[in-house]
Amino acid sequence: MRYAICFTPPMGDPLSAAAASWLGRSVYSGEAVELPSIAGLAVSEMAFYTAVPRRFGFHAMIMAPFRLRPDMDEAQLLKAMMLFTSGETPFQIERLEVARLSQCWGLMPEVPSQSMHLLAARVLQALDRFRAPLSEDDIERADPDRLTAPQFTNLHRWGDPHVMDEYRFHMPLTGPLNVDVGRRVEAPLRGLFEPLLTEPLLIGSLALFIEHEPGAPMRVHSQHPLGKISARPRAKAGLSVGQRPGTDTLATPPVAVTASLPGRP
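Heads up: the sequence shown is residues 1 to 265, going by UniProt numbering.
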């Protein structure tokens with residue numbers, strides 16, 4: 001079993017619904033979602049192009065999938081996450097855009113967010129003690145010969161090359177695509193997501209993801225709101241933390257709740 005710490009919008013957020021439709025799976029329920037009908041793209045093509053992010057679910061990775069150390073358990077991890085997030089303050093990323101990172105399309109900040117960068121670093125510093133060391137096979141799968149010196153150092157220190165100064169907030173929506181295919185999916189991606197990107201993105205919680213067995217789809221195990229309940233600010237007048245414009249209910253629960261997952265007591 002592996003865990004990961006990520007950001008993903010609340011279940012009721014329109015961005016979550018759009019991403020579930022595009023990827024064909026809800027990261028909350030784990031259930032399949034009907035793919036949208038897009039002119040010029042067959043459903044089989046969309047399913048192929050989105051296969052990689054579909055397995056991981058809609059998210060921005062903060063702490064890459066890890067196994068717990070033998071002397072740690074899930075209850076300890078949950079307690080530490082709740083303690084950590086209670087000491088953090090919600091903030092906004094001013095604007096996301098549909099953009100390409102390497103060969104993958106996804107959502108990225110128009111301007112890099114220093115607040116997000118620092119939060120990601122603090123997550124690692126606070127919770128890396130729960131992570132079991134990488135095996136030799138894990139290291140080989142990271143293809144260390146292709147990493148830069150800082151990325152190689154990160155891999156061995158933090159278990160992930162793309163952290164600390166190498167961190168980039170990115171919510172993947174496709175797997176690696178060549179240039180021609182990328183051009184074909186760019187317009188549908190913009191048409192589906194850009195209408196939802198006119199407001200700042202509230203970073204009001206962190207999510208614990210879980211992978212029950214190697215290669216299994218990952219899904220949200222629990223959401224952990226940032227800040228003490230009594231001190232959580234409102235992002236905008238009339239909006240609660242975790243609520244985006246156009247939604248009627250509080251999307252992020254006021255306390256961290258461990259989701260009930262298949263196969264769990």
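Just so it is clear, CB atoms sit at the ideal spot from N, CA and C, and this is done for glycine as well.
Quick caveat: nothing in here was measured; it's all calculated off a predicted structure.
Answer yes or no: do ALA64 and ALA120 have a C-beta to C-beta separation smaller than 9 Å? no
Exposed or buried, which one is MET1 when buried takes at least 16 other CB atoms within 10 Å? Classified as exposed, MET1 has fewer than 16 neighbouring CB atoms from the shown chains inside 10 Å of its CB.
Rounded to the nearest angstrom, how far is the Cβ of LEU197 from that of GLU97, given a contact under 8 Å? With a Cβ gap of about 7 Å, LEU197 and GLU97 count as contacting.
In chain order, which continuous runs of the alpha helix (DSSP H) of length 4 or greater are located wholly inside the stretch 190-237? none
Excluding the five sequence neighbours on either side, which residues of its own chain have a C-beta within less than 7 Å of the C-beta of MET116, listed in chain order? Closer than 7 Å at the Cβ level, and outside the excluded window around MET116, lie ILE93, PHE169, ILE203.
Contact set for GLU194: own chain, Cβ-Cβ below 7 Å, skip 5 residues either direction: VAL98
Span separating the alpha-carbon of ARG122 from that of MET81: Cα to Cα, ARG122 sits roughly 12 Å from MET81.
How big is the Cα-Cα spacing for ASP137 and ALA39? The alpha-carbon of ASP137 is positioned some 42 Å away from that of ALA39.
Which runs of the beta strand (DSSP E) spanning at least 3 residues fall entirely within the stretch 86-171, listed in chain order? Restricting attention to beta strand (DSSP E) runs no shorter than 3 residues, the stretch 86-171 encloses them at 91-93, 96-101, 104-109, ordered along the chain.
Using 8 Å as the cut-off, can you tell me whether the stretch 140-159 makes contact with the stretch 30-48, which would need three or more C-beta pairs spanning the two stretches below that distance? no
Please determine, among GLY191, MET218, PRO112, the residue with the shortest C-alpha to C-alpha distance to GLU166. PRO112
Under 7 Å Cβ to Cβ from LEU189, same chain only, skipping five residues before and after it: list those, please. VAL98, TRP105, LEU173
Please state the DSSP three-state secondary structure of ARG184. helix
Take PRO9 and list the residues in its own chain whose beta-carbon comes closer than 6 Å to its own, dropping the five residues that flank it on each side. Taken in chain order, the residues that qualify are LEU15, SER16.
Starting from the C-beta of ARG95, find all residues in its chain whose C-beta is less than 6 Å away, skip the five residues before and the five after it, and write them out in chain order. GLU110
Would you report the Cα separation of GLN151 and PHE130, rounded to the nearest angstrom? Distance between the alpha carbons of GLN151 and PHE130 is about 21 Å.
Determine the DSSP secondary structure at PRO65, reduced to helix, strand or coil. Assigned with DSSP and collapsed to three states, PRO65 falls in strand.
Please name the residue, chosen from TYR49, ASP73, GLN223, that lies closest to VAL181 on a Cα-to-Cα basis. TYR49
So what's VAL241 in DSSP terms, helix, strand or just coil? At VAL241, the pLDDT of 40 sits below 50, so the modelled position is not reliable; the number obtained from the coordinates is stated separately. Coil, per DSSP.
In terms of alpha-carbon separation, which member of ARG25, THR148, GLU213, ALA75 lies closest to VAL163? THR148
Range of the contiguous beta strand (DSSP E) that encloses ARG2: 2-7
Buried versus exposed call for ASP160 [16 or more other C-beta atoms within 10 Å across all chains shown]: Per the 10 Å Cβ criterion, buried.
Neighbourhood of PHE56 by C-beta, 6 Å cutoff - its chain only, sequence neighbours within 5 removed: Contacts found: MET218.
Can you pull the DSSP bridge partners for LEU41? ILE38
Consult DSSP for MET82 and reduce its assignment to one of helix, strand or coil. Helix.
C-beta atoms of LEU127 and PHE58 nearer than 9 Å: no
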